[in-house]
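Peer 1: Per numbering that gives the first Met the number 0, the very first residue in the sequence shown carries number 0; after that it's consecutive.
Don't be surprised by glycine CBs; every beta carbon is placed ideally from N, CA and C.
Remember, it's a predicted structure, so these values are computed and weren't measured experimentally.
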Amino acid sequence: MNKSSHPDPAEQARLPRPTPAPDGAKQPLSERPPSVSSFEEILPFRTDAELRERYLNFFGGLRLGKLLEDFDLSAGRTAYNHAQGWERGLTIVTAACDRIDLLDELRSDRDLRVRASVNWTGRSSMEVGLQVASEDGNGGWQAVARAYFIMVARQGETSAAVNPLVPQTDEEHRRFQEGEQRQQQRRAMAQNNYLKHTPTAEESVRLHRLFLRTKHQQITGVPIHETQRQATLLMHPQSRNIHNKIFGGYLMRQAFELAWNITYLHCRCPPQFVCMDHMYFFQPVEIGAILSFTGFVIHTDGLHLVIEVTTEVIHPQTGRTQTTNICYFTFSALDDFGQPQPVPMVIPHTYEEGLRYLDGAKRLRLGEELRRAKGVRSASKSETS
Numbered sequence: 000m001n002k003s004s005h006p007d008p009a010e011q012a013r014l015p016r017p018t019p020a021p022d023g024a025k026q027p028l029s030e031r032p033p034s035v036s037s038f039e040e041i042l043p044f045r046t047d048a049e050l051r052e053r054y055l056n057f058f059g060g061l062r063l064g065k066l067l068e069d070f071d072l073s074a075g076r077t078a079y080n081h082a083q084g085w086e087r088g089l090t091i092v093t094a095a096c097d098r099i100d101l102l103d104e105l106r107s108d109r110d111l112r113v114r115a116s117v118n119w120t121g122r123s124s125m126e127v128g129l130q131v132a133s134e135d136g137n138g139g140w141q142a143v144a145r146a147y148f149i150m151v152a153r154q155g156e157t158s159a160a161v162n163p164l165v166p167q168t169d170e171e172h173r174r175f176q177e178g179e180q181r182q183q184q185r186r187a188m189a190q191n192n193y194l195k196h197t198p199t200a201e202e203s204v205r206l207h208r209l210f211l212r213t214k215h216q217q218i219t220g221v222p223i224h225e226t227q228r229q230a231t232l233l234m235h236p237q238s239r240n241i242h243n244k245i246f247g248g249y250l251m252r253q254a255f256e257l258a259w260n261i262t263y264l265h266c267r268c269p270p271q272f273v274c275m276d277h278m279y280f281f282q283p284v285e286i287g288a289i290l291s292f293t294g295f296v297i298h299t300d301g302l303h304l305v306i307e308v309t310t311e312v313i314h315p316q317t318g319r320t321q322t323t324n325i326c327y328f329t330f331s332a333l334d335d336f337g338q339p340q341p342v343p344m345v346i347p348h349t350y351e352e353g354l355r356y357l358d359g360a361k362r363l364r365l366g367e368e369l370r371r372a373k374g375v376r377s378a379s380k381s382e383t384s
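1. By the DSSP assignment, the alpha helix (DSSP H) with residue 298 in it spans what residues?
2. When burial is assigned at 16 or more other CB atoms within 10 Å of the CB, is residue 323 buried or exposed?
3. Which ranges would you report for the beta strand (DSSP E) in the stretch 80-123 if only whole runs of at least 3 residues count?
4. Rounded to a whole number of angstroms, what is the C-alpha to C-alpha distance between residue 150 and residue 362?
5. State the DSSP-derived secondary structure class of residue 226, mapped to helix, strand or coil.
6. Counting C-beta neighbours from all protein chains within 10 Å, is the total for residue 162 16 or more, i.e. buried, or is it exposed?
7. Can you list, in chain order, the residues of its chain with a C-beta nearer than 6 Å to that of residue 168? Leave out the 5 residues immediately preceding and following it.
8. How big is the Cα-Cα spacing for residue 132 and residue 43?
9. Applying the criterion that 16 or more other CB atoms from any shown protein chain within 10 Å of the CB defines a buried residue, is residue 113 buried or exposed?
10. In the DSSP output, what is residue 244 paired with across the bridge?
11. Tell me the residue span of the beta strand (DSSP E) that contains residue 267.
12. Is residue 145 closer than 9 Å to residue 130 when the C-beta atoms are compared?
13. Buried or exposed: residue 52, going by 16 or more other Cβ atoms within 10 Å of its Cβ?
14. If you compare alpha carbons, which of 311, 302, 300 is closest to residue 289?
15. Let me know the secondary structure DSSP gives residue 358 once reduced to three states.
See below:
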């Protein structure tokens with residue numbers, strides 16, 4: 000088998016980069032249109048057998064977890080290009096993956112195209128949008144996924160200003176406005192965190208009714224804590240990026256694969272990924288760190304379930320833990336004919352589980368509203384992992 004021309008994403012993330020200019024930090028900012036920094040890559044699954052083998056799952060589709068590494072790498076390249084990060088000696092990191100939606104089938108026998116461009120900029124942050132398309136068999140491309148990454152520029156220990164984005168076309172203006180709206184939504188979600196606010200009267204009534212129905216055995220379900228699964232990993236240098244920290248795409252992949260496994264164990268049938276929202280990167284992960292990934296189903300609603308995955312660094316000498324990432328995934332489950340089927344219900348048994356249950360309901364509702372607004376249709380069986 001011939002060696003693939005597409006290196007592993009983590010390998011690409013640690014390749015040597017251009018040396019900063021001597022006066023790079025003093026370079027004045029310049030207004031730049033999205034087209035200057037846009038990035039496109041073709042993953043040739045149709046013709047590259049070795050590449051296809053690396054990304055293949057046991058259902059015959061593509062491993063979305065591995066593709067997340069490519070997505071994060073593409074977002075980083077685009078952000079560096081826009082901010083002229085290498086020339087100015089900046090460090091640009093992934094602050095969050097705001098959202099990933101699966102739109103259509105990820106086929107392993109067709110090439111995949113990844114396009115990335117800056118949608119919006121703040122003072123030191125950038126939203127990079129990814130449009131992922133698959134060959135449609137007729138010489139064209141069919142959209143299969145979209146994603147939004149928040150990249151932040153730093154210089155030393157402080158934030159660094161980035162080049163302002165200047166949209167030029169109607170499409171670029173639309174993306175800029177939508178990027179601004181998503182920034183406002185992120186701030187609102189952060190302020191409405193269930194750890195900061197008590198439930199509303201309506202939410203309290205909902206939890207109380209659920210408690211009574213469970214107590215009187217009118218409904219049955221799996222306790223949320225019984226869906227918990229963990230993975231503990233040592234961070235090796237092969238997963239580092241150019242800054243000698245653990246590559247963000249690798250962390251996304253591990254969190255996704257744990258969530259996928261939890262769904263499979265809970266539903267006992269093939270999971271179908273729907274979306275991921277608000278994966279926050281609170282701090283960088285060092286090489287040699289021991290990471291604990293903990294996930295469980297926090298909400299179910301008919302055909303969908305929401306999984307929360309928290310990533311923590313464990314300090315072996317003290318046993319102390321620090322949270323580095325939190326993310327949320329929505330899945331459905333498929334029957335033998337590839338059709339969505341009801342998922343087993345989960346029930347909160349503690350106050351904390353009740354808060355998470357309500358938070359999952361909010362995220363599921365918001366996700367459905369966003370998908371309907373974009374006219375997203377249901378995905379098919381090949382999108383299982």
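Peer 2: On the basis of the coordinates in this document:
1. As a position in the sequence shown, residue 298 is number 299, starting the count at 1. Judged by DSSP secondary structure, residue 298 falls outside any alpha helix (DSSP H) and instead within the beta strand (DSSP E) spanning 289-300.
2. Your numbering for residue 323 matches position 324 in the sequence shown. When all chains shown are included, residue 323 counts as buried.
3. 90-101, 111-120
4. Mapped onto the sequence shown, residue 150 falls at position 151. Mapped onto the sequence shown, residue 362 falls at position 363. Cα-Cα distance, rounded: 22 Å.
5. In the sequence shown, the residue the question calls residue 226 occupies position 227. DSSP, read as helix, strand or coil, puts residue 226 in helix.
6. Here residue 162 corresponds to residue number 163 of the sequence shown, with the count starting at 1. Residue 162 is buried by the Cβ-count criterion.
7. For the purposes of this step, residue 168 is taken as the residue at position 169 of the sequence shown. Closer than 6 Å at Cβ, skipping near neighbours: no residue.
8. Here the question's residue 132 lines up with position 133 in the sequence shown. Here the question's residue 43 lines up with position 44 in the sequence shown. About 12 Å.
9. Residue numbering aside, residue 113 sits at position 114 when the sequence shown is read from its first letter. It counts as buried.
10. On the sequence shown, residue 244 is found 245 positions in, with the first residue counted as 1. 285, per the DSSP bridge assignment.
11. What you label residue 267 is simply residue 268 of the sequence shown in a count that begins at 1. Where residue 267 is concerned, there is no enclosing beta strand (DSSP E), given that its DSSP letter is neither H nor E.
12. Indexing the sequence shown from 1 puts residue 130 at position 131. Indexing the sequence shown from 1 puts residue 145 at position 146. Taking 9 Å as the Cβ cut-off, residue 130 and residue 145 qualify as a contacting pair.
13. Here residue 52 refers to the residue found at position 53 of the sequence shown. Classification of residue 52: exposed, given that the 10 Å Cβ count is below 16.
14. For the purposes of this step, residue 289 is identified with residue 290 of the sequence shown, where counting begins at 1. The candidate whose alpha carbon is nearest that of residue 289 is 311.
15. Working through the sequence shown from its first residue, we reach residue 358 at position 359. The answer is helix: DSSP assigns residue 358 an H, G or I state.
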